[in-house]
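Asker:
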Amino acid sequence: MTRNADAVIIGGGIIGLAAAFNLAKFKFGKIVVVEKEMFLGSGATSKCAGGIRAQFFSKSNIEMSMKSEEILANFEAITGYPAIFNQCGYMFLLSNEKELADFSKAVELQQSLGLPVELIDPDQINKYAPEVRIDDIIKATLCLQDGLADPNDLIQGYASASRALGVEILVETEVTGINTSNNTVTGIKTNKGEIDCPLIINAAGPFAKVIAQMAGTSIPVEPVRRQIVTTAALDFVGPKFPMVVDVKAGLYFHREAPGLLLGWADNSVEPAFDESVDPDYTDNIIMKALDRIPALETAGVSNSWAGLYEVTPDHHAIIGPSQEITGMFYINGFSGHGLMHAPAAGLVAAEAICGKETTVDISSLAEDRFEKGVISEETNVI
Ligand SMILES: Cc1cc2nc3c(=O)[nH]c(=O)nc-3n(C[C@H](O)[C@H](O)[C@H](O)COP(=O)(O)OP(=O)(O)OC[C@H]3O[C@@H](n4cnc5c(N)ncnc54)[C@H](O)[C@@H]3O)c2cc1C
């Protein structure tokens, strides 16, 4: 096993691999990715719904997503590997004046940043999303630059492109400890031996805090279970059926194979490393979906699963160096948006590590914002 590296990336999910690719492109030196599982991308990335949207409320989230969408639309040209990015759009259904006021303000900000997003009347909704009940909807937002990406394409693309640039990727290699001296990283311990390195990139997703704790520090990232249900084939769902978010219900759905993928944010779930499928949670998703799409009454359930969000107190990611441990860099806490932010996050993290100006301003994503109390919450989360 490798005995030394210039940087070790902990986690072979979408964030770790996007960072590895971008660091390698900047010729950072010897880069090693360590992943505890047998397969890359089998953590939160494999559980995700594939949604890619720039319709956020905060400037930094909008900018991160817009950069990611640009990269995703040119993924093959950038990495040499193809990846599906279906720009079928994202639609937020608004059913009261408070939602309309909040989203109208956000649309203004998004448009000012160059996002092609608009408010549409209820009678236009079924043109894009047939069978969706609209009698209680007063407006919807629509952005046809948003859409869906295939997490596996992105994992394989970034992994292959990283390997081609000389990155070493070690699977079934679990980090069990971090070596430090005078609060400075000197290496990692794994189940397969130690690697000396001056830089660790924490890309461990829901396990980010566990990794930070190994170095004697902490980071406010909690694992929170989220569930998904998929339906059998539905004849009203075409290839351009958008991602639809029912804001009041906290429900979202989009085309998945010939049916629909349904998800819902159960905000009563407490943080825990629990990925079991809770039948009550599943029932809740189905009931909410039936209420919004009555035509689902005869649809069969094809699958359901649970995965972990990696949640920060303000629902913004943490990107930047640890304030306490020299040589520990965080790319964590995407709070349910890590797939859509990965292309931009990998790029800006690599830029920051290499001392370059970052393509997107990430100063508001520094870890010390919590200590300084300068946080602003992203409230458009599902
Ligand atoms: C149900 C669900 C739906 C979602 N839907 C969306 C969506 O539509 N759009 C979107 O953008 N995001 C979505 N997300 C969020 C998205 O999946 C995550 O934000 C993203 O995958 C995080 O990527 P990651 O690489 O940080 O984490 P992960 O994919 O979890 O990768 C971290 C890796 O670190 C490894 N690891 C952990 N500890 C160690 C260790 N000690 N040693 C070695 N390796 C270790 C893990 O095995 C794992 O492979 C969803 C998440 C869930 C659960």
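Residue numbers 57 to 438, in our numbering, belong to the letters of the sequence shown in order. All C-beta atoms, glycine included, are put in the ideal place defined by N, C-alpha and C. Quantities reported herein were computed from a predicted structural model and do not represent experimental measurements.
Could you spell out the range, first to last residue, of the beta strand (DSSP E) harbouring V357?
Answerer: For the purposes of this step, residue 357 is identified with residue 301 of the sequence shown, where counting begins at 1. Note, V357: beta strand (DSSP E), V357 to V367.
Asker: Using only the heavy atoms of ligand 1, determine whether one of them is closer than 8 Å to the beta carbon of Q201.
Answerer: As a working mapping, residue 201 is identified with position 145 in the sequence shown. No; taking the cut-off as 8 Å, the Cβ of Q201 has no heavy atom of ligand 1 nearer than that.
Asker: Taking the runs of the alpha helix (DSSP H) that are 4 residues or longer, which of them lie wholly in the stretch 163 to 248?
Answerer: Entirely contained in the stretch 163 to 248, the alpha helix (DSSP H) runs reaching 4 residues are, in chain order, 181 to 184 and 207 to 220.
Asker: Work out the CA separation of E366 and E519 for me, nearest whole Å.
Answerer: Residue 519 is absent from the structure shown; the chain starts at 57 and stops at 438.
Asker: Any chance you could list the beta strand (DSSP E) runs of at least 3 consecutive residues sitting entirely within the stretch 372 to 435, in chain order?
Answerer: Runs of the beta strand (DSSP E) inside the stretch 372 to 435: 374 to 377 and 384 to 388.
Asker: Closer than 8 Å: is that where the CB of N142 sits relative to any heavy atom of ligand 1?
Answerer: Walking along the sequence shown from the start, residue 142 turns up at place 86. Checking every heavy atom of ligand 1 against the Cβ of N142, none is found closer than 8 Å.
Asker: Between the C-alpha atoms of G222 and N235, what's the straight-line distance to the nearest angstrom?
Answerer: Indexing the sequence shown from 1 puts residue 222 at position 166. Indexing the sequence shown from 1 puts residue 235 at position 179. Looking at the two C-alpha atoms, the distance is approximately 25 Å.
Asker: Buried or exposed, going by whether 16 or more other CB atoms sit within 10 Å of the CB of S151?
Answerer: For the purposes of this step, residue 151 is taken as the residue at position 95 of the sequence shown. Looking at its Cβ environment, which holds 16 or more other Cβ atoms inside 10 Å, S151 is buried.
Asker: Ends of the alpha helix (DSSP H) at M270?
Answerer: For the purposes of this step, residue 270 is taken as the residue at position 214 of the sequence shown. M270 -> alpha helix (DSSP H) spans A264 to M270.
Asker: Which class does Y146 belong to by DSSP, given the choice of helix, strand or coil?
Answerer: Sequence index remark: in the sequence shown, residue 146 carries index 90 (1-based). Three-state result, Y146: strand.
Asker: So the beta strand (DSSP E) R282 belongs to, where does it begin and stop?
Answerer: Position 226 of the sequence shown holds residue 282. Looking at the DSSP string, the run of the beta strand (DSSP E) that includes R282 is E278 to T287.
Asker: Let me check understanding here. Comparing Cα to Cα, which of V303, N247 and I140 lies closest to A157?
Answerer: Stepping through the sequence shown from its first residue, residue 157 is reached at position 101. Among V303, N247 and I140, the Cα nearest to that of A157 belongs to V303.
Asker: Spatial neighbours of A100 within its chain, please: CB distance less than 8 Å, with the 5 preceding and 5 following residues excluded, ordered by chain position.
Answerer: Counting from 1 along the sequence shown, the entry for residue 100 is found at position 44. G69, G261, P262, G363, L364, Y365, E366 and G394, listed in sequence order.
Asker: E353: which of A139, A345 and S360 sits nearest, CA to CA?
Answerer: The residue given as residue 353 occupies position 297 in the sequence shown. Comparing Cα-Cα distances from E353 to each of A139, A345 and S360, the minimum goes to A345.
Asker: Please name the residue in E228, L169, Y308 and Y184 whose C-alpha comes closest to that of F297.
Answerer: Here residue 297 refers to the residue found at position 241 when the sequence shown is read from its first residue. Among E228, L169, Y308 and Y184, the Cα nearest to that of F297 is on Y184.
Asker: Could you pull out every unbroken beta strand (DSSP E) segment of at least 3 residues lying fully inside the stretch 72 to 128, listed in chain order?
Answerer: DSSP runs (the beta strand (DSSP E)) wholly in the stretch 72 to 128: 87 to 90.
Asker: Is I387 closer than 9 Å to N258 when the C-beta atoms are compared?
Answerer: Stepping through the sequence shown from its first residue, residue 258 is reached at position 202. Stepping through the sequence shown from its first residue, residue 387 is reached at position 331. Going by C-beta atoms, N258 is nearer than 9 Å to I387.
Asker: Can we count A105 as close to ligand 1, meaning its CB is less than 8 Å from some heavy atom?
Answerer: As a working mapping, residue 105 is identified with position 49 in the sequence shown. Yes, the Cβ of A105 comes within 8 Å of a heavy atom of ligand 1.
Asker: If contacts are defined as beta-carbon pairs under 8 Å, then S391 and V437 qualify, I think. What distance do you get, rounded to the angstrom?
Answerer: The residue you call residue 391 lines up with position 335 of the sequence shown. The residue you call residue 437 lines up with position 381 of the sequence shown. Sure, about 6 Å apart at Cβ, within 8 Å.
Asker: Give the DSSP-derived three-state secondary structure of R348 in the structure shown.
Answerer: By one-based count along the sequence shown, residue 348 stands at place 292. Reduced to three states, the DSSP call for R348 is helix.
Asker: Grab the span of the beta strand (DSSP E) containing F309 for me, first residue to last.
Answerer: Sequence index remark: in the sequence shown, residue 309 carries index 253 (1-based). L307 to E312 is the span of the beta strand (DSSP E), which, as asked, contains F309.
Asker: Taking 8 Å as the cut-off, does the CB of P262 come closer than this to any heavy atom belonging to ligand 1?
Answerer: On the sequence shown, position 206 is the one that residue 262 refers to. Yes, since a heavy atom of ligand 1 falls inside the 8 Å radius drawn around the Cβ of P262.
Asker: Could you give the first and the last residue of the continuous alpha helix (DSSP H) run that contains I134?
Answerer: Counting from one through the sequence shown, the residue named residue 134 turns up at place 78. Note, I134: alpha helix (DSSP H), F131 to T135.
Asker: Using a threshold of 8 Å, is the CB atom of R311 nearer than that to any non-hydrogen atom of ligand 3?
Answerer: No copy of ligand 3 appears in this structure; the ligands present are ligand 1.
Asker: Taking Cβ positions, are N78 and G243 nearer each other than 9 Å?
Answerer: Here the question's residue 78 lines up with position 22 in the sequence shown. Here the question's residue 243 lines up with position 187 in the sequence shown. Their beta carbons are not under 9 Å apart, which means N78 does not touch G243 by this criterion.
Asker: Give me, in chain order, the residues of the same chain whose beta-carbon lies closer than 7 Å to that of T232; leave out the 5 immediate sequence neighbours on both sides.
Answerer: Against the sequence shown, residue 232 aligns to sequence position 176. Only K245, T246 and N247 meet the Cβ criterion.
Asker: From what residue to what residue does the beta strand (DSSP E) around N152 run?
Answerer: Residue 152 sits at position 96 when you count from the first residue of the sequence shown. Neither: N152 is in no beta strand (DSSP E) and is coded neither H nor E.
Asker: Does the Cβ of M147 have 16 or more other Cβ atoms within 10 Å, making it buried, or fewer, making it exposed?
Answerer: The sequence position of residue 147 within the sequence shown is 91, counting from 1. Under this definition M147 is a buried residue.
Asker: For G106, tell me which candidate among Y308, K123, T435 and S160 has the shortest Cα-Cα distance.
Answerer: On the sequence shown, residue 106 is found 50 positions in, with the first residue counted as 1. Out of Y308, K123, T435 and S160, Y308 has the C-alpha closest to the C-alpha of G106.
Asker: Which of helix, strand or coil does DSSP assign to F141?
Answerer: Along the sequence shown, read from residue 1 onward, the residue named residue 141 stands at position 85. Residue state, collapsed to three classes: strand.
Asker: Is A63 helix, strand or coil when you go by DSSP?
Answerer: Translated into the one-based positions of the sequence shown, residue 63 becomes position 7. Strand.
Asker: For the structure I just gave you, are there three or more beta carbon pairs, one from the stretch 283 to 295 and one from the stretch 405 to 423, closer than 8 Å?
Answerer: Flag = no, the stretch 283 to 295 and the stretch 405 to 423 do not touch.
Asker: In the DSSP output, which residue or residues are listed as bridge partners for L318?
Answerer: The residue you call residue 318 lines up with position 262 of the sequence shown. Answer by DSSP bridge pairing, in chain order: V285 and F309.
Asker: How far does the beta strand (DSSP E) with V300 in it extend, from its first residue to its last?
Answerer: Against the sequence shown, residue 300 aligns to sequence position 244. Per DSSP, V300 belongs to the beta strand (DSSP E) from M299 to D302.
Asker: Quick one: grab the DSSP three-state call for E331.
Answerer: Position 275 of the sequence shown, counting from 1, holds the residue named residue 331. Correct three-state label for E331: coil.
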